[in-house]
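Sequence order for the protein chains is F and P.
As numbered in numbering that gives the first Met the number 0, residues 0 to 172 make up the first sequence, in order.
As numbered in numbering that gives the first Met the number 0, residues 0 to 178 make up the second sequence, in order.
Written below as structure tokens is the structure these notes are about.
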Amino acid sequence: MAKQADLWTPALISGAVFGFLSGTPFVGALNCICCSLCVGAGVLASFLVVRASELPVTYGRAALSGLLSGLFAAAFSVLSSVLFMVVRGVTFQNQIDEAVEKASQISPSAQQASEVLVGLGAPVIILLMLLFEVCFYAPFGALGGVIGRAIFEKRSAAPPSPQTPAADPTIQP
Amino acid sequence: MSAFTELRARRLLGPAALALAGTCWCVAVMAPALMHDMGWETVAAFFRAVFSLLCHQDPGRSFHLAGSPIAVCIRCSSIYAGFVLGCVAVLAARCAGRARTAPPGRLLAACLAPIALEWLAETSGFPDAMGLARTTTGIVFGFAAAFYVVPAVEELPAEMAGELRRITHPARSAHGKAS
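See the structure below:
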């Protein structure tokens, strides 16, 4: 019996590593290069799954591992952001003011938006951060999983599952 | 509807849905610039803040619309546009009975290489003044990625169902498959 690799452990490892990096000051700025840390989480998860699997990993399975790693990365990113804020003694107000200063070069009403945000309070801001990070990290993680599968899987692909439309033999070109 | 037509429609659903989602994403990327023009400053600032999680948003390295920069840089927006074009190409190929599975993986790696090379060239002091290289390499990668992402997304529900079965009935699935 050849075994498919477990998805959860690789996703948790890569999500923890890249999520922590995303929330780390300065290093987290790497996400500004086409969301490279989210994509990187997916690539690492996919690499670990391909390495552990006895069967060729499909693109769908690689995407799922990337998606899971993106979800874990989002949670770890928010956790480490809050952790670093506490360690550095920075408040949300400082963070938002810093962002507003940058954004006001493009959008003069960034100040108004920041006032709305500050009024929400820390728990709501953390929840919003988590929500947006989940929305972005999950699809970009899945993309990373697909990229990782394309790079690291050298074995010939398993025949697609019969549930996928592409596999239907009755359809002729 | 005959089984043939139904299966054909199912094959077109994935790329069509992804093309639509990609188009919505591109509209969201362009929205802040248009909102700025319409005077919806606060909403525009909110959109920019959300996309700042993904991109550096340097105005000097972004496309401008109605005099304002869009929410992401040239490279990111080119990748997104290339992805939408790729989904449309997959859709067209599927209509012609092709592109049922992903191409060999090394092709995607090959399409990723120009972005890396262009980035290396730029950091080594060869400026891409017009953004032409960033646009081209971004579109090429986004276009190619669609040919891999579409089959992956189509396989995703079955994989999710399998994983859910493994969690809910660990003994029955025994965490393996016959080779």
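All residues carry an ideal CB built from backbone N, CA and C; glycine is no exception.
Tell me which residues share the same chain as residue 13 of chain F and place their Cβ nearer than 6 Å to its Cβ, disregarding the 5 neighbours each side in the sequence. Taking the first residue of the first sequence as 1, we reach residue 13 of chain F at position 14. Same-chain partners within the cutoff: 40, 43, 44, 68.
Between which two residues does the alpha helix (DSSP H) containing residue 44 of chain P stretch? Working through the second sequence from its first residue, we reach residue 44 of chain P at position 45. Segment 40-50, the alpha helix (DSSP H) holding residue 44 of chain P.
Closest to residue 140 of chain F by CA distance: which of P:148, P:142, P:143 is it? Taking the first residue of the first sequence as 1, we reach residue 140 of chain F at position 141. The shortest Cα separation from residue 140 of chain F among P:148, P:142, P:143 belongs to P:148.
In chain order, what are the residue ranges of uninterrupted alpha helix (DSSP H) at least 4 long that sit wholly in the stretch 107-143 of chain P? Within the stretch 107-143 of chain P, no complete alpha helix (DSSP H) run reaches 4 residues.
Could you pull the start and end residues of the alpha helix (DSSP H) that residue 35 of chain F belongs to? The residue you call residue 35 of chain F lines up with position 36 of the first sequence. Here the alpha helix (DSSP H) through residue 35 of chain F covers 35-51.
Taking the alpha carbon of residue 125 of chain F as the point to measure from, which residue in F:149, F:22, F:38 has its own alpha carbon closest? For this step, residue 125 of chain F is matched to residue 126 along the first sequence. Per the Cα distances, F:22.
Give every residue of the same chain whose Cβ lies closer than 8 Å to the Cβ of residue 93 of chain P, excluding the five residues on either side of it in the sequence, and list them in chain order. For the purposes of this step, residue 93 of chain P is taken as residue 94 along the second sequence, with counting starting at 1. Only residues of its own chain outside the window of five on either side were considered, and among them 10, 11, 14, 99 have a CB closer than 8 Å to the CB of residue 93 of chain P, listed in chain order.
Starting from residue 59 of chain F, find everything on chain P with Cβ-Cβ shorter than 9 Å and list it in chain order. The count along the first sequence starts at 1 and reaches residue 59 of chain F at position 60. Those are 150, 151, 152, 153, 154, 155, 156, 157, 158, 159, listed as they occur along chain P.
What residues of chain F sit near residue 55 of chain P, judged by a beta carbon separation below 7 Å? As a first step, residue 55 of chain P is located in the second sequence; it is residue number 56 there, counting from the start. Within 7 Å Cβ-Cβ: 31.
Please confirm if residue 117 of chain P has its CB atom under 8 Å from at least one CB of chain F. Start at 1 with the first residue of the second sequence, and residue 117 of chain P comes out as number 118. Using beta-carbon distances, residue 117 of chain P does not count as an interface residue toward chain F, since no partner is under 8 Å.
Quick one: is residue 76 of chain P buried, meaning 16 or more other Cβ sit within 10 Å of its Cβ, or exposed? Counted from its first residue, the second sequence places residue 76 of chain P at position 77. Buried, since its Cβ has 16 or more Cβ neighbours within 10 Å.
Neighbour flag for residue 138 of chain P against chain F, beta carbons, 8 Å: Numbered from its first residue, the second sequence carries residue 138 of chain P at position 139. So, not an interface residue.
Less than 8 Å between the CB atoms is what I'm expecting for residue 72 of chain P and residue 86 of chain P, so what's the real figure, rounded? The residue labelled residue 72 of chain P in the question sits at position 73 within the second sequence. The residue labelled residue 86 of chain P in the question sits at position 87 within the second sequence. Incorrect: roughly 22 Å between the Cβ atoms, too far for contact.
At a Cβ cut of 8 Å, what residues of the stretch 57-89 of chain P count as close to chain F, listed as they run along the chain? Per Cβ criterion, the list reads 58, 67, 68, 74, 75, 78.
Given that residue 49 of chain P touches chain F, what residues does it touch there, using C-beta distances under 9 Å? Stepping through the second sequence from its first residue, residue 49 of chain P is reached at position 50. Under the 9 Å cutoff, chain F gives 131, 134, 135.
DSSP three-state assignment for residue 6 of chain F, whether helix, strand or coil: As a first step, residue 6 of chain F must be located in the first sequence, where it is residue number 7. Coil at residue 6 of chain F, not helix or strand.
Contact check, residue 101 of chain P vs residue 138 of chain P under 8 Å by CB: the rounded distance? Sequence index remark: in the second sequence, residue 101 of chain P carries index 102 (1-based). Sequence index remark: in the second sequence, residue 138 of chain P carries index 139 (1-based). The Cβ separation is near 19 Å, so there is no contact.
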